[in-house]
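Residue numbers (the numbering used here): -2 to 194. The block underneath contains the structure these notes are about, expressed in structure tokens.
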Amino acid sequence: MLIDNYLPTPEQSIAVCAVVSAPADVVLRAVKTANIAGGFVPRVLTGARLLPGRLKALAAGQPQPESIPPSVTFGDIAQGGDWVILGEDNRELAAGAIGRFWRSDFGWATPEATDFAAFEEPGYAKTGISLSVHPYGPRTLLVYESRTETTDAAARRHFARYWLVLAPFVRMLMRSALAAITREAEAAVRGPSASSI
């Protein structure tokens, strides 16, 4: 797995999977193009996570942070921002981000992908995600894994408290993303005429 090169011994991890009625290459293509932010669950949960930052900005008389975009894909990560692509091949897409996720502003400190594994600045959490496809008879097993490790004891304590509250919601977001990818991949196999019936 590509993610093993960056986070081989995570302190926290979650993995969810789905069986998709589509070939692996179609599923991997859908990983990059499916809108993972369009459903009810991601919009509500992401909005709730951003609320403290919005309230803080409002109280300080500062401009409100950007609203949740109507469309977000894993392919968007490659366009830059706080997440970086760690690796990609014909079976897996791995991405990562570094921050102080327990803070309302997320405390981003994302280096280049080549520096991700070696990053050790105190007070941060390193999170990596992997979306991998595995042939499963005529279908495909799609696995979505999230791994996190921290850079020191203080960050470990902060992240452990944060994760205790957020882990169930992260799992919900991951399952929602798998559902969006599954819909897109299976629709691509059926073709436009079948999806319009």
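Cβ coordinates follow ideal geometry from the N, Cα and C atoms, glycine included.
Is the beta carbon of residue j closer than 9 Å to that of residue i?
{"i": "A91", "j": "Y3", "result": "yes"}
{"i": "F166", "j": "W99", "result": "no"}
{"i": "A94", "j": "W80", "result": "yes"}
{"i": "E89", "j": "M(-2)", "result": "yes"}
{"i": "S131", "j": "A15", "result": "One detail in the question is off: residue 131 reads as His in this sequence, not Ser. Not closer than 9 Å, so no."}
{"i": "V13", "j": "Y141", "result": "yes"}
{"i": "A174", "j": "I11", "result": "no"}
{"i": "F116", "j": "L83", "result": "no"}
{"i": "W160", "j": "Q9", "result": "yes"}
Taking the alpha helix (DSSP H) that residue i belongs to, which residues open and close that run?
{"i": "P165", "result": "150 to 187"}
Three-state secondary structure (DSSP) at residue i?
{"i": "I33", "result": "coil"}
{"i": "Q9", "result": "strand"}
{"i": "L139", "result": "strand"}
{"i": "L83", "result": "strand"}
{"i": "R88", "result": "coil"}
{"i": "V17", "result": "strand"}
{"i": "A94", "result": "strand"}
{"i": "T111", "result": "helix"}
{"i": "R144", "result": "strand"}
{"i": "G72", "result": "helix"}
{"i": "A273", "result": "Absent from the model: residue 273. The displayed extent of the chain is -2 to 194, so no value can be given."}
{"i": "L4", "result": "coil"}
{"i": "R100", "result": "coil"}
{"i": "A56", "result": "helix"}
{"i": "S192", "result": "For S192, the pLDDT reaches just 45, beneath the cut-off of 50, and the residue's location in the model is therefore unreliable, leaving the point undetermined."}
{"i": "P39", "result": "With a pLDDT of only 48 at P39, under the threshold of 50, the placement of this residue in the model should not be trusted; the figure read from the coordinates follows. P39 falls in the helix class under three-state DSSP."}
In its own chain, which residues sit with a C-beta less than 6 Å from the C-beta of residue i, not counting the 5 before and 5 after it?
{"i": "F200", "result": "Residue numbering for the chain in the displayed model covers -2 to 194; residue 200 lies beyond these limits and cannot be assessed."}
{"i": "L183", "result": "Leu is not the amino acid found at residue 183; the sequence shown has Glu there. Cβ within range, chain order: S18, A19."}
{"i": "K123", "result": "I95, E146"}
{"i": "S129", "result": "R88, E89, V140"}
Between residue i and the rest of its own chain, which residues show a CB-CB distance below 8 Å, the 5 nearest in sequence each way excluded?
{"i": "P119", "result": "T148, D149, A151, A152"}
{"i": "R26", "result": "A182, A185"}
{"i": "M171", "result": "I11, V13, Y141, S143"}
{"i": "E109", "result": "V81"}
{"i": "Y133", "result": "V16"}
Take residue i and list the residues in its own chain whose beta-carbon comes closer than 7 Å to its own, dropping the five residues that flank it on each side.
{"i": "P7", "result": "R144, T145, E146"}
{"i": "S127", "result": "M(-2), L(-1), I0, E89, A91, E142"}
{"i": "G72", "result": "K29, T30"}
{"i": "S68", "result": "N32, A34, G35"}
{"i": "T70", "result": "K29, T30, A31, N32, I33"}
{"i": "I74", "result": "W80, I82, A92"}
I need the boundaries of the beta strand (DSSP E) containing residue i, first residue and last residue.
{"i": "T124", "result": "122 to 133"}
Note to self: Any contact between the region 26 to 36 and the region 163 to 182? By contact I mean 3 or more CB pairs, one from each, below 8 Å.
What the structure shows: yes
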